[in-house]
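Please read the structure below before turning to the comments.
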(Lines of atoms letter the chains of each structure in order from A and count residues from 1; the text may use other names and numbers.)
(Lines give C-alpha, C1' and ligand atoms only; values in the text may rest on other atoms or scores of the structure.)
Protein backbone atom coordinates (compact mmCIF):
# COMPACT_ATOMS: atom_id res chain seq x y z
CA UNK A 1 0.00 0.00 0.00
CA UNK A 2 1.46 3.41 -0.94
CA UNK A 3 2.23 5.85 1.84
CA UNK A 4 0.74 9.32 2.10
CA UNK A 5 2.60 12.05 0.23
CA UNK A 6 4.65 14.52 2.23
CA UNK A 7 3.14 17.94 2.87
CA UNK A 8 4.23 20.93 4.92
CA UNK A 9 3.32 21.19 8.59
CA UNK A 10 0.11 23.21 9.07
CA UNK A 11 1.69 25.40 11.75
CA UNK A 12 2.25 28.92 10.45
CA UNK A 13 5.58 29.27 8.58
CA UNK A 14 6.84 25.80 9.44
CA UNK A 15 8.56 24.32 6.36
CA UNK A 16 8.91 20.81 7.81
CA UNK A 17 7.55 18.04 5.61
CA UNK A 18 5.29 15.49 7.29
CA UNK A 19 2.73 12.82 6.43
CA UNK A 20 0.34 13.96 9.17
CA UNK A 21 -1.17 17.35 10.06
CA UNK A 22 1.71 18.73 12.15
CA UNK A 23 5.43 17.99 12.45
CA UNK A 24 6.57 16.32 15.73
CA UNK A 25 7.54 19.67 17.29
CA UNK A 26 4.12 21.21 16.67
CA UNK A 27 2.26 18.01 17.61
CA UNK A 28 3.80 18.39 21.08
CA UNK A 29 2.71 22.05 21.23
CA UNK A 30 -0.85 21.11 20.24
CA UNK A 31 -1.04 18.46 22.99
CA UNK A 32 0.20 20.91 25.64
CA UNK A 33 -2.06 23.85 24.83
CA UNK A 34 -5.18 22.34 26.41
CA UNK A 35 -8.78 22.07 25.32
CA UNK A 36 -10.89 25.02 24.22
CA UNK A 37 -12.53 25.08 27.67
CA UNK A 38 -9.15 25.16 29.38
CA UNK A 39 -8.15 28.08 27.15
CA UNK A 40 -11.21 30.11 28.24
CA UNK A 41 -13.77 29.44 25.52
CA UNK A 42 -16.97 28.81 27.48
CA UNK A 43 -20.70 29.11 26.71
CA UNK A 44 -20.62 32.86 27.33
CA UNK A 45 -17.85 33.27 24.75
CA UNK A 46 -19.79 31.12 22.27
CA UNK A 47 -22.89 33.30 22.59
CA UNK A 48 -20.82 36.46 22.17
CA UNK A 49 -19.22 34.98 19.05
CA UNK A 50 -22.58 34.14 17.48
CA UNK A 51 -23.87 37.62 18.30
CA UNK A 52 -20.86 39.25 16.69
CA UNK A 53 -21.19 37.15 13.55
CA UNK A 54 -24.89 37.94 13.24
CA UNK A 55 -24.26 41.66 13.73
CA UNK A 56 -21.48 41.74 11.14
CA UNK A 57 -22.95 39.43 8.49
CA UNK A 58 -22.56 42.06 5.76
CA UNK A 59 -18.91 42.65 6.51
CA UNK A 60 -16.54 42.88 3.57
CA UNK A 61 -14.31 40.35 5.32
CA UNK A 62 -14.93 37.11 3.40
CA UNK A 63 -13.34 35.01 6.14
CA UNK A 64 -15.92 36.34 8.60
CA UNK A 65 -18.76 35.45 6.24
CA UNK A 66 -17.38 31.92 5.79
CA UNK A 67 -17.13 31.52 9.57
CA UNK A 68 -20.75 32.61 9.93
CA UNK A 69 -21.91 30.08 7.35
CA UNK A 70 -20.08 27.32 9.24
CA UNK A 71 -21.88 28.31 12.45
CA UNK A 72 -25.27 27.98 10.76
CA UNK A 73 -24.59 24.49 9.42
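Residue numbers (the working numbering): 390 to 462. Built from N, CA and C at the ideal position, the CB exists for glycine as well. Please read all numbers here as calculations on a predicted model, not as lab measurements.
Terminal residues of the continuous alpha helix (DSSP H) containing residue 415? The residue you call residue 415 lines up with position 26 of the chain shown. Its alpha helix (DSSP H) spans residues 413 to 421.
Residue 403 Cβ short of 7 Å to the ligand MG heavy atom set: By its list of ligands, the structure shown contains no ligand whatsoever, and the ligand MG lies outside what it can speak to.
In angstroms with no decimal places, state the Cα-to-Cα distance between residue 437 and residue 425. Position 48 of the chain shown, counting from 1, holds the residue named residue 437. Position 36 of the chain shown, counting from 1, holds the residue named residue 425. Taking the straight line joining both Cα atoms gives about 15 Å.
Quick one: grab the DSSP three-state call for residue 393. Counted from its first residue, the chain shown places residue 393 at position 4. Residue state, collapsed to three classes: coil.
C-beta contact flag for residue 395 and residue 410 at 8 Å: As a first step, residue 395 is located in the chain shown; it is residue number 6 there, counting from the start. As a first step, residue 410 is located in the chain shown; it is residue number 21 there, counting from the start. No. Outside cutoff.
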